[in-house]
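Visitor: One structure, pasted below without further comment.
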Amino acid sequence: MSEISEEEWKRDLTSILEDLSSAQYIKMKECLRGFPRVLKDGQSREEMPGKIIEFYGKEKSILEMERVMKQIPRMDDRTQSLLKPYVQKVRSKPEKQQHEMKRRREEEPEEGTRPAAEKKLARLRSALVQNMSRELINQLLDDLLMDGVLNDGEKDSVLQENDTSADRARCLIDMVKRKGRGASRKFICHIQSRDPTLSADLGLPV
Numbered sequence: 001m002s003e004i005s006e007e008e009w010k011r012d013l014t015s016i017l018e019d020l021s022s023a024q025y026i027k028m029k030e031c032l033r034g035f036p037r038v039l040k041d042g043q044s045r046e047e048m049p050g051k052i053i054e055f056y057g058k059e060k061s062i063l064e065m066e067r068v069m070k071q072i073p074r075m076d077d078r079t080q081s082l083l084k085p086y087v088q089k090v091r092s093k094p095e096k097q098q099h100e101m102k103r104r105r106e107e108e109p110e111e112g113t114r115p116a117a118e119k120k121l122a123r124l125r126s127a128l129v130q131n132m133s134r135e136l137i138n139q140l141l142d143d144l145l146m147d148g149v150l151n152d153g154e155k156d157s158v159l160q161e162n163d164t165s166a167d168r169a170r171c172l173i174d175m176v177k178r179k180g181r182g183a184s185r186k187f188i189c190h191i192q193s194r195d196p197t198l199s200a201d202l203g204l205p206v
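Quick look at the structure:
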């Protein structure tokens with residue numbers, strides 16, 4: 001069985017979403033499990049396939065879209081002819097691999113579940129980069145310095161080596177992710193405390 005091409009899957013997923021009516025597209029976004037509200041509302045239809053694949057990963061995004069198309073429902077021949085070949089490839093994997101994928105899906109299936117902090121931070125990276133203000137970044141830097149997650153040199157590097165808020169947010173998030181689960185958990189907790197509105201938009205408990 002050939003490997004699934006992410007480029008081809010993104011192309012066909014784009015076609016699937018383009019064929020949805022406005023009402024079906026809205027329902028599709030509502031049905032996506034665990035997908036942050038800020039990504040649902042902040043992306044164009046053209047950008048959405050890439051964000052779905054980025055958030056869920058290649059194979060999980062295929063199974064998620066299979067589930068969502070049943071709920072809309074869109075079981076017509078054209079939609080299914082684009083979707084089914086990918087579903088069949090995922091489901092044809094050896095039993096051990098299927099069991100592992102099922103276990104992972106069950107670990108974080110619904111909005112409000114709590115995957116490992118570093119995994120959650122990785123998934124939210126794009127939305128955070130787009131939405132973190134300079135004030136929030138400065139507050140997080142101070143909080144993480146006080147926690148001992150960052151040292152003075154790391155804080156200064158975020159501020160001095162990056163000019164825009166997006167670049168500073170990207171640098172800070174990547175720096176925290178490299179420090180592991182504890183650092184990522186503290187980062188998320190500080191966002192929840194400092195900016196409840198953003199936290200709600202991202203689907204984080206506040």
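Residues 1 to 206 (UniProt numbering) make up the sequence shown, in order. For each residue, glycine too, the CB sits at the ideal point set by N, CA and C.
Beta-carbon within less than 7 angstroms of M132's beta-carbon, same chain only, minus the 5 sequence neighbours each way: which residues are those?
Guide: One-based indexing of the sequence shown puts residue 132 at position 132. S165, A169.
Visitor: Going by DSSP, what residue range makes up the alpha helix (DSSP H) through K119?
Guide: Residue numbering aside, residue 119 sits at position 119 when the sequence shown is read from its first letter. Looking at the DSSP string, the run of the alpha helix (DSSP H) that includes K119 is 117-131.
Visitor: Are the CB atoms of Q130 and G42 nearer to each other than 8 angstroms?
Guide: Counting from 1 along the sequence shown, the entry for residue 130 is found at position 130. Counting from 1 along the sequence shown, the entry for residue 42 is found at position 42. A contact, by the Cβ cut-off of 8 angstroms.
Visitor: Please go through the same chain and pick out, in chain order, the residues whose beta-carbon is closer than 7 angstroms to the beta-carbon of M48, but skip the five residues on each side of it.
Guide: Residue mapping note: residue 48 aligns to position 48 of the sequence shown, counting from 1. If we look at M48 and ignore the five residues flanking it on each side, its Cβ neighbours are L17.
Visitor: Taking 8 angstroms as the limit between beta carbons, can you name the residues of its chain near residue 237, skipping five residues before and five after?
Guide: In the structure displayed, the chain extends from 1 to 206; residue 237 sits before or after that span and is not available.
Visitor: Measuring alpha carbon to alpha carbon, tell me which residue in D19, I26, N151, L202 is nearest S81.
Guide: Along the sequence shown, one-based indexing puts residue 81 at 81. Out of D19, I26, N151, L202, D19 has the C-alpha closest to the C-alpha of S81.
Visitor: Check each candidate in I188, R125, T14, S61 and name the one with the smallest Cα separation from D147.
Guide: Locating residue 147 in the sequence shown gives position 147, where the first residue counts as 1. For D147, the nearest C-alpha among the options comes from I188.
Visitor: Where does T187 sit, in a helix, a strand or coil, going by DSSP?
Guide: Reading the sequence shown from its first residue, position 187 is the one you call residue 187. Position check: residue 187 holds Phe in this sequence, whereas Thr was assumed. The answer is helix: DSSP assigns F187 an H, G or I state.
Visitor: Among R178, I173, E135, K186, whose alpha-carbon lies nearest the alpha-carbon of residue 235?
Guide: Within the shown structure, residues of the chain are numbered from 1 to 206, placing residue 235 beyond reach of any answer.
Visitor: Can you list, in chain order, the residues of its chain whose CB lies under 8 angstroms from that of L39, leaving out five sequence neighbours each side?
Guide: As a working note, residue 39 is residue 39 in the sequence shown. For L39, where only same-chain residues beyond five positions count, the Cβ hits under 8 angstroms are K51, F55, S126, A127.
Visitor: For the alpha helix (DSSP H) containing I4, name the first residue and the last one.
Guide: In the sequence shown, counting from the first residue as 1, residue 4 sits at position 4. Note, I4: premise wrong, no alpha helix (DSSP H); not H, not E.
Visitor: Do K119 and L141 have their C-beta atoms closer together than 8 angstroms?
Guide: Here the question's residue 119 lines up with position 119 in the sequence shown. Here the question's residue 141 lines up with position 141 in the sequence shown. In this structure, L141 does not lie closer than 8 angstroms to K119 by Cβ.
Visitor: Starting from Q88, follow the alpha helix (DSSP H) in both directions and report where the run begins and ends.
Guide: For this step, residue 88 is matched to residue 88 along the sequence shown. Counting along the chain, the alpha helix (DSSP H) containing Q88 begins and ends at 77-91.
Visitor: I191: buried (16+ other C-beta within 10 angstroms of its C-beta) or exposed?
Guide: The residue labelled residue 191 in the question sits at position 191 within the sequence shown. Buried is the call here.
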